[in-house]
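Asks: Input: one structure, supplied below.
Protein chains: 2
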Amino acid sequence: MTPETNAWDGAGKRLYLQEVGTRDGFQMESVFIPTEDKIALIDQLSDAGLAKIEATAFVSPQAIPALRDAEIVLREIRRQPGVVYTCLVPNKRGAERAIEARADELNLVISTSETHNIANLRMTREQSFAALSEVITMARQAKVPVNVSLSCAFGCPMEGDVPADVVLGWAARFLEQGATGITLCDTTGMAYPSQVRALVADFRQRFPQAGLTLHFHNTRGMGLANVLASIAAGADRFDASLGGLGGCPYAPGASGNVCTEEIVHALQLMGYDTGCDLPLLLLAAARLPGLVGHDVPSQLLKAGQRLDLHAPPADFASWRDRALARDQPQTAVS
Amino acid sequence: MTPETNAWDGAGKRLYLQEVGTRDGFQMESVFIPTEDKIALIDQLSDAGLAKIEATAFVSPQAIPALRDAEIVLREIRRQPGVVYTCLVPNKRGAERAIEARADELNLVISTSETHNIANLRMTREQSFAALSEVITMARQAKVPVNVSLSCAFGCPMEGDVPADVVLGWAARFLEQGATGITLCDTTGMAYPSQVRALVADFRQRFPQAGLTLHFHNTRGMGLANVLASIAAGADRFDASLGGLGGCPYAPGASGNVCTEEIVHALQLMGYDTGCDLPLLLLAAARLPGLVGHDVPSQLLKAGQRLDLHAPPADFASWRDRALARDQPQTAVS
């Protein structure tokens with residue numbers, strides 16, 4: 002067991018937040034977000050202190066028209082020094098495009114569940130592994146780092162639990178191929194804190210040198226608790242989505258990714274250093290309903306920060322005066 | 002500092018869940034829930050393993066018409082042995098009615114914030130204390146236990162932070178008067194985990210014999226994390242609301258109380274013994290939208306339990322067959 006961190010007290014510990022709403026979120030939307038709005042939002046997020054932004058995906062424009070402007074987005078955004086602009090790529094063709102467009106990192110996806118991989122990618126896991134290995138070779142030649150996102154690492158909505166050995170086995174194979182980072186993805190919100198803590202501890206013990214990101218969905222209300230359980234096991238890097246954008250096709254109506262501004266709000270209150278500017282994140286999040294054409298899951302956007310105070314009710318002064326008057330000595334004539 | 006519990010691993014530890022939706026939730030609704038539906042729901046919850054159910058409030062029927070049937074509800078429900086049926090009472094008149102109706106416990110409310118107490122109850126805190134002290138005396142004579150709920154224990158939406166000394170000071174005065182339990186209420190969802198852990202630890206060190214309940218709202222997405230932080234500091238008793246019913250007038254659109262079925266789902270997965278029958282809770286929660294006439298905040302009700310599996314997409318078999326065929330040796334004629 003990896004030594005336990007007291008996750009309840011941040012004590013200034015640095016955490017790294019990575020925005021996925023601009024890819025994972027926008028990809029789910031039925032409307033096309035205008036390219037200039039995507040660019041403006043990413044530029045705003047670049048100023049907000051995020052460690053990484055998944056700016057877009059280099060996928061077939063026929064398959065995912067929402068992200069058909071990948072090249073333009075990556076070319077036109079203002080690259081903030083210190084921020085990693087990563088892009089999802091599904092195959093060699095996407096990798097060529099992303100490298101050509103100067104992505105800072107390629108993010109590859111495979112599912113740890115055979116059923117989910119076939120349903121999502123139309124390939125067996127071994128076929129995905131073979132194809133992605135070629136992408137990793139290509140990226141290494143171009144000196145572009147590669148992160149591999151392991152879907153369903155905390156359970157598959159069709160198969161059920163995925164054994165930890167299977168998850169860590171796929172991590173090992175990709176790290177051996179030259180991947181520099183692994184993301185354990187809770188694709189449909191099946192993760193729970195004790196499971197998270199155990200898997201993160203196992204991962205860190207087995208791969209102490211590998212970059213590790215945790216990607217949670219708030220589908221069953223456990224998002225923040227899973228983040229804290231990861232921290233307890235030594236993790237410090239988390240995907241999150243502005244406004245909580247990003248759905249889950251297997252749980253209609255339920256929340257998507259953990260919400261960037263909610264996670265930052267909670268972690269900062271607990272004394273963590275997230276590097277993020279929360280008011281800027283809230284300003285950016287406030288633009289989302291207008292961009293996507295619907296309400297977003299973020300509760301913080303509705304409720305405000307905990308110390309955003311409210312005025313007392315209009316009649317407060319008279320209620321108070323009447324209450325105080327009851328404590329005065331009664332006059333003889335009353 | 003009270004010794005720290007590892008909250009991440011339940012290890013069979015017994016927790017006690019207390020339902021408040023039938024009072025705190027129903028009171029907020031604009032429709033009148035028919036008395037027979039209230040009774041049927043409470044009877045269903047009595048079978049679901051909850052430790053306590055706040056069945057109703059003995060308040061002025063003019064002020065809160067939603068609960069004007071308090072006497073009938075308390076008389077007609079089936080009293081499950083072992084379940085405590087508690088009732089909110091605001092004053093001596095309410096206490097008389099509740100005692101006459103054989104409430105198992107009286108729950109009294111005062112705010113730790115002067116502004117909130119005046120806004121909510123039209124009295125200063127000292128005036129509330131004097132009035133509630135008389136209720137406690139009356140209840141002790143009738144041998145009915147009294148719990149005192151301290152509102153805004155983790156912050157007031159109008160004043161801001163309420164110092165821990167003030168909160169614990171009010172707890173001390175009520176315990177000296179003979180209250181048997183104290184609930185620390187996060188009335189508008191301002192609590193955060195490190196604060197919760199510290200206040201719960203202080204409370205338990207100062208009042209080791211007092212019954213302690215934590216009452217959280219999920220207004221800013223920290224509900225479950227706050228429950229776990231409480232457990233880390235030794236608490237074992239929590240209010241929650243079926244379906245997440247119960248709003249917060251200062252945060253329109255934001256979630257209400259932490260959701261009973263979500264909390265039970267998460268805590269059971271972590272290995273805690275909640276005493277609750279989750280499928281029964283979900284059945285009861287599924288009736289709520291019909292009763293209150295709108296969707297309820299519960300995400301678990303929409304998404305289902307984590308291992309409620311889904312069938313693969315309709316075309317799955319052909320996708321799999323095509324994927325597998327790619328691995329077959331090519332025939333000479335192909």
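Protein chains in written order, with the numbering used here: chain G, 2 to 335; chain B, 2 to 335. C-beta: ideal position from N, C-alpha, C; glycine also. All of these numbers come straight from a predicted model, not from anything done at the bench.
When Cβ atoms are compared, which residues of the region 194 to 210 of chain B fall closer than 8 Å to chain G?
Replies: Result list: PRO194, SER195, GLN196 and ARG198.
Asks: Taking the straight line between their C-alpha atoms, what separation do you get for B/PRO194 and B/LEU243?
Replies: As a position in the second sequence, residue 194 of chain B is number 193, starting the count at 1. As a position in the second sequence, residue 243 of chain B is number 242, starting the count at 1. Answer to the nearest angstrom: the Cα atoms are 22 Å apart.
Asks: Buried or exposed: which applies to B/LYS144, given that a residue is buried once 16 or more other Cβ atoms fall within 10 Å of its Cβ?
Replies: On the second sequence, position 143 is the one that residue 144 of chain B refers to. With fewer than 16 Cβ atoms within 10 Å of its Cβ, B/LYS144 is classed as exposed.
Asks: Which residues in the same chain have their Cβ closer than 8 Å to the Cβ of B/VAL21, if we skip the five residues on either side of it in sequence?
Replies: To locate residue 21 of chain B, count along the second sequence from 1; it is residue 20. Same-chain partners within the cutoff: GLU55, HIS216, ASP240, ALA241, SER242, GLY247 and ASN258.
Asks: Pick from G/CYS277, G/SER152 and G/MET139: whose alpha carbon is nearest that of G/LEU18?
Replies: Locating residue 18 of chain G in the first sequence gives position 17, counting from the first residue. When each option's Cα is compared against that of G/LEU18, the closest is G/CYS277.
Asks: Can you tell me the Cα-Cα spacing of B/PRO314 and G/THR125, whole angstroms?
Replies: Taking the first residue of the second sequence as position 1, residue 314 of chain B is located at position 313. Taking the first residue of the first sequence as position 1, residue 125 of chain G is located at position 124. Taking the straight line from one Cα to the other gives about 16 Å.
Asks: Could you have a look at G/SER150 and say whether DSSP puts it in helix, strand or coil?
Replies: Here residue 150 of chain G corresponds to residue number 149 of the first sequence, with the count starting at 1. Here G/SER150 sits in strand by DSSP.
Asks: B/LYS14: which of B/ASN118, B/ASP237, B/VAL32 and B/ALA286 sits nearest, CA to CA?
Replies: Here residue 14 of chain B refers to the residue found at position 13 when the second sequence is read from its first residue. Comparing Cα positions, the closest option is B/ASP237.
Asks: Compare the C-alpha of G/PRO209 against each of G/GLY182, G/THR220, G/ALA192 and G/VAL197 and name the closest.
Replies: To locate residue 209 of chain G, count along the first sequence from 1; it is residue 208. The shortest C-alpha separation from G/PRO209 is found at G/GLY182.
Asks: For G/ALA12, name the three-state secondary structure that DSSP assigns.
Replies: Locating residue 12 of chain G in the first sequence gives position 11, where the first residue counts as 1. Correct three-state label for G/ALA12: coil.
Asks: Would you check if the distance between the CB atom of G/ALA99 and the CB atom of G/MET139 is smaller than 8 Å?
Replies: Mapped onto the first sequence, residue 99 of chain G falls at position 98. Mapped onto the first sequence, residue 139 of chain G falls at position 138. No; because the gap between Cβ atoms is not below 8 Å, this pair is not in contact.
Asks: Could you tell me if G/GLY294 is buried or exposed, where buried requires 16 or more neighbouring beta carbons within 10 angstroms of its beta carbon?
Replies: Stepping through the first sequence from its first residue, residue 294 of chain G is reached at position 293. It counts as exposed.
Asks: Would a C-beta distance cut-off of 8 Å place G/ARG174 and G/PHE204 closer than the cut-off?
Replies: Walking along the first sequence from the start, residue 174 of chain G turns up at place 173. Walking along the first sequence from the start, residue 204 of chain G turns up at place 203. No; because the gap between Cβ atoms is not below 8 Å, this pair is not in contact.
Asks: Report the partner residues of B/ILE54 according to the DSSP bridge assignment.
Replies: The residue labelled residue 54 of chain B in the question sits at position 53 within the second sequence. The partner list for B/ILE54 (beta bridge, DSSP) reads B/GLU20 and B/TYR86.
Asks: Please list, in chain order, the chain B residues whose beta carbon lies closer than 9 Å to that of G/GLN45.
Replies: Residue numbering aside, residue 45 of chain G sits at position 44 when the first sequence is read from its first letter. Residues of chain B passing the Cβ test: none, with the nearest at roughly 22 Å.
Asks: Would the beta-carbon of B/LEU89 fall within 8 Å of that of B/ILE111?
Replies: Here residue 89 of chain B is taken as the residue at index 88 of the second sequence, counted from 1. Here residue 111 of chain B is taken as the residue at index 110 of the second sequence, counted from 1. For B/LEU89 and B/ILE111, no; Cβs fall outside 8 Å.
Asks: Using the DSSP secondary-structure output, state which residues sit across from B/ALA241 in a beta bridge.
Replies: Numbered from 1 along the second sequence, position 240 holds the residue referred to as residue 241 of chain B. DSSP lists B/GLU20 as partners of B/ALA241.
Asks: Is there a C-beta anywhere in chain G that falls below 8 Å from the one on B/PHE317?
Replies: Working through the second sequence from its first residue, we reach residue 317 of chain B at position 316. Judged by the 8 Å Cβ criterion, B/PHE317 is in contact with chain G.
Asks: Could you list which residues in chain B have their beta carbon closer than 8 Å to that of G/THR220, in chain order?
Replies: Locating residue 220 of chain G in the first sequence gives position 219, where the first residue counts as 1. By Cβ distance, chain B contributes GLN300 and ALA304.
Asks: Specify the secondary structure class of B/ASP295 as computed by DSSP and reduced to three states.
Replies: Against the second sequence, residue 295 of chain B aligns to sequence position 294. The residue you asked about is not Asp; residue 295 of chain B is His in the sequence shown. Coil.
Asks: In whole angstroms, what separates the C-alpha of G/LEU16 from that of B/TRP320?
Replies: In the first sequence, residue 16 of chain G corresponds to position 15, counting from 1. In the second sequence, residue 320 of chain B corresponds to position 319, counting from 1. If you take the alpha carbons of G/LEU16 and B/TRP320, they lie about 41 Å apart.
Asks: With respect to the alpha helix (DSSP H) encompassing G/HIS117, which residues constitute its N-terminal and C-terminal limits?
Replies: Residue 117 of chain G sits at position 116 when you count from the first residue of the first sequence. It spans 115 to 122 - the alpha helix (DSSP H) in which G/HIS117 sits, taken as one unbroken run.
Asks: On a CA-only basis, which of G/GLY245, G/MET159, G/LEU46 and G/ALA312 is nearest G/ASN121? Give me that one, please.
Replies: Here residue 121 of chain G refers to the residue found at position 120 when the first sequence is read from its first residue. Nearest of G/GLY245, G/MET159, G/LEU46 and G/ALA312 to G/ASN121, Cα basis: G/MET159.
Asks: In three-state terms, what does DSSP make of G/HIS266?
Replies: Position 265 of the first sequence, counted from the first residue, corresponds to residue 266 of chain G. In this structure, G/HIS266 counts as helix in the three-state DSSP scheme.
Asks: DSSP state of G/THR275, grouped into three classes?
Replies: As a working note, residue 275 of chain G is residue 274 in the first sequence. Three-state DSSP puts G/THR275 in coil, outside helix and strand.
Asks: With C-beta atoms as the reference, is B/THR87 less than 8 Å away from B/ALA71?
Replies: Taking the second sequence and counting its residues from 1, the one referred to as residue 87 of chain B is at position 86. Taking the second sequence and counting its residues from 1, the one referred to as residue 71 of chain B is at position 70. In this structure, B/ALA71 does not lie closer than 8 Å to B/THR87 by Cβ.
Asks: Measure how close the beta-carbons of B/LEU109 and B/VAL147 come, nearest whole angstrom, since I'm counting them as under 8 Å.
Replies: For this step, residue 109 of chain B is matched to residue 108 along the second sequence. For this step, residue 147 of chain B is matched to residue 146 along the second sequence. About 6 Å; that satisfies the 8 Å criterion.
Asks: In the DSSP assignment, what residue or residues form a beta bridge with B/SER112?
Replies: To locate residue 112 of chain B, count along the second sequence from 1; it is residue 111. B/SER152, per the DSSP bridge assignment.
Asks: Compile a chain-ordered list of the residues in the region 5 to 39 of chain G whose CB is closer than 8 Å to at least one CB of chain B.
Replies: From the region 5 to 39 of chain G, only GLU5, ASN7, TRP9, ASP10 and GLY11 have a Cβ closer than 8 Å to chain B.
Asks: Less than 8 Å separating the beta-carbons of B/GLY235 and B/VAL201?
Replies: Indexing the second sequence from 1 puts residue 235 of chain B at position 234. Indexing the second sequence from 1 puts residue 201 of chain B at position 200. In contact: B/GLY235 and B/VAL201 (Cβ atoms closer than 8 Å).
Asks: Which complete alpha helix (DSSP H) runs does the region 164 to 208 of chain G hold, if anything under 4 residues is left out?
Replies: With a minimum length of 4 residues, the continuous alpha helix (DSSP H) runs that stay inside the region 164 to 208 of chain G are 165 to 178 and 194 to 207.
Asks: Please classify G/SER31 as buried or exposed, where buried requires at least 16 neighbouring CB atoms within 10 angstroms.
Replies: Numbered from its first residue, the first sequence carries residue 31 of chain G at position 30. Classification for G/SER31: exposed.
Asks: In angstroms with no decimal places, state the Cα-to-Cα distance between B/GLY352 and B/GLN329.
Replies: This structure does not reach residue 352 of chain B, given that chain B is present from 2 up to 335, and the question cannot be answered.
Asks: Compare the beta carbon distance of B/ASP105 and B/VAL85 with 8 Å and say whether it is the shorter of the two.
Replies: Residue numbering aside, residue 105 of chain B sits at position 104 when the second sequence is read from its first letter. Residue numbering aside, residue 85 of chain B sits at position 84 when the second sequence is read from its first letter. Yes, the pair counts as a contact, with Cβ atoms nearer than the cut-off.
Asks: With C-beta atoms as the reference, is G/ILE264 less than 8 Å away from G/THR6?
Replies: Residue 264 of chain G sits at position 263 when you count from the first residue of the first sequence. Residue 6 of chain G sits at position 5 when you count from the first residue of the first sequence. Result no, Cβ atoms of G/ILE264 and G/THR6 do not sit closer than 8 Å.
Asks: Alpha carbon to alpha carbon, what distance is there between B/GLY212 and G/ALA41?
Replies: The residue given as residue 41 of chain G occupies position 40 in the first sequence. The residue given as residue 212 of chain B occupies position 211 in the second sequence. About 53 Å.
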